[in-house]
Amino acid sequence: MISHLHLLQIRLQLHDYQSAWLCFLSAFLVSLISIPLLISLIKRYHLYDLPNDRKEHKLPVPTMGGVAIVAGMVMSLVLWFPFHYETPQIAFFFSVAILFGLGIMDDLKDLSAKYKFVVQIGLAILIAVSGIRITSFEGLFGIYDLSTASQYTFTILAIVGITNSFNLVDGIDGLAGGLGFMSLITLGMFLTISGDVNTALIAFALAGGVLAFLYFNFNPARIFMGDTGSLVLGFVIAVLCIRLLQVNAVNVNPVISHTPVFVLGVVLIPVFDTLRVFAMRMWRG
44 MISHLHLLQI RLQLHDYQSA WLCFLSAFLV SLISIPLLIS LIKRYHLYDL
94 PNDRKEHKLP VPTMGGVAIV AGMVMSLVLW FPFHYETPQI AFFFSVAILF
144 GLGIMDDLKD LSAKYKFVVQ IGLAILIAVS GIRITSFEGL FGIYDLSTAS
194 QYTFTILAIV GITNSFNLVD GIDGLAGGLG FMSLITLGMF LTISGDVNTA
244 LIAFALAGGV LAFLYFNFNP ARIFMGDTGS LVLGFVIAVL CIRLLQVNAV
294 NVNPVISHTP VFVLGVVLIP VFDTLRVFAM RMWRG
């Protein structure tokens with residue numbers, strides 16, 4: 044059997060990634076230029092992330108860095124992404140816009156967790172209805188093709204779970220951004236190899252914005268992404284994971300064997316941390 048490394052050596056041709064590089068670099072430059080301006084604006088209006096027991100910083104740090112990340116992604120996609128206005132595309136970008144607005148509202152007014160949870164479930168349902176769904180476990184736990192009800196259930200759980208996982212790890216310098224960047228690059232590469240080049244561009248565009256943000260986010264962090272960034276980051280990664288599952292499920296010769304296991308590995312750390320936090324809270328009552 045040909046190893047994944049050998050497949051990468053064969054298939055990772057530079058010309059296949061021309062648009063990916065353009066998306067990545069455009070988003071990186073837009074975010075890199077806009078973050079210092081954003082920090083100055085945030086300081087002027089005293090929009091800070093305050094310390095607590097899940098965060099390592101001791102002093103207030105500017106938040107809402109996600110504004111620059113999303114701005115970089117959007118500008119990049121406007122320039123290079125082939126919009127076809129198909130139902131999945133419309134549902135995806137509409138959901139990103141809603142989550143972006145929700146994140147801004149939460150960073151400004153500290154919305155209730157219940158309200159954010161309801162919105163996330165609604166958007167997850169929208170994504171599932173549009174056709175982006177987990178359709179098969181490919182033999183994981185002895186399960187193959189899923190019923191329609193199971194497809195919706197696992198899709199909603201995956202989107203809401205991964206979105207909140209990245210939201211929870213945002214309080215540690217470089218963690219959410221670092222994990223997000225690695226996940227996006229991995230998903231972008233394997234989506235491209237699997238033939239879904241257009242969806243891969245979304246991964247590379249967001250990765251470019253996140254990399255620029257990381258320059259300002261490593262210890263000591265000068266800015267945090269806030270819910271404005273972490274909600275969008277987690278949501279996009281969740282949808283890309285599901286899309287990779289879909290693409291490999293229908294390929295005659297899938298690039299990845301046991302895709303569900305691979306996808307779980309991509310998001311393992313934030314998901315595990317989320318489960319750990321919930322377990323500790325339940326233990327403490």
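Going by the working numbering, the first residue of the sequence shown is number 44, and it counts up by one from there.
Ideal Cβ placement from N, Cα and C applies to all residues, glycine included.
Please work out which residues of its chain come closer than 8 Å, Cβ to Cβ, to methionine 118, disregarding the five sequence neighbours upstream and downstream, and give them in chain order.
-> Within the sequence shown, numbered from 1, the residue matching residue 118 stands at position 75. Here the set comprises Ser69, Ala70, Val73.
Residues in its own chain within less than 6 Å of phenylalanine 247 by CB, not counting five upstream and five downstream?
-> Start at 1 with the first residue of the sequence shown, and residue 247 comes out as number 204. Correct list, in chain order: Ala63, Cys66, Phe67, Gly231.
Under 8 Å between the Cβ atoms of isoleucine 228 and alanine 250?
-> The residue given as residue 228 occupies position 185 in the sequence shown. The residue given as residue 250 occupies position 207 in the sequence shown. It is a contact, given that the beta carbons lie within the stated cut-off.
Helix, strand or coil for glycine 220 per DSSP?
-> Counting from one through the sequence shown, the residue named residue 220 turns up at place 177. Helix.
Please name the residue, chosen from Ala171, His89, Val309, Ala322, that lies closest to glutamine 132 on a Cα-to-Cα basis.
-> Along the sequence shown, one-based indexing puts residue 132 at 89. Of Ala171, His89, Val309, Ala322, the residue nearest in Cα terms is Ala171.
Would you mind reading off the limits of the alpha helix (DSSP H) that contains lysine 257?
-> In the sequence shown, residue 257 corresponds to position 214, counting from 1. In the sequence under discussion, the amino acid at residue 257 is leucine, which differs from the lysine named in the question. 240-260 is the span of the alpha helix (DSSP H), which, as asked, contains leucine 257.
Cα separation between tyrosine 258 and serine 208?
-> Against the sequence shown, residue 258 aligns to sequence position 215. Against the sequence shown, residue 208 aligns to sequence position 165. One C-alpha to the other measures close to 22 Å.
Rounded separation between aspartate 150 and asparagine 296 - CA only = Here the question's residue 150 lines up with position 107 in the sequence shown. Here the question's residue 296 lines up with position 253 in the sequence shown. If I take the Cα positions, the gap works out to 45 Å.
Does DSSP put valine 104 in a helix, in a strand, or in coil?
-> Along the sequence shown, one-based indexing puts residue 104 at 61. In the structure shown, valine 104 sits in a strand (DSSP, three-state: E or B).
What is the DSSP secondary structure of aspartate 153, reduced to helix, strand or coil?
-> Here residue 153 refers to the residue found at position 110 when the sequence shown is read from its first residue. Note: aspartate 153 maps to coil in three-state DSSP.
Flag this pair as touching only if the region 255-274 and the region 197-204 have three or more C-beta atom pairs under 8 Å; answer yes or no.
-> no
Determine the burial state of glycine 220: buried for a count of at least 16 other Cβ atoms within 10 Å of its Cβ, exposed for fewer.
-> Translated into the one-based positions of the sequence shown, residue 220 becomes position 177. Buried: at least 16 other Cβ atoms inside 10 Å.
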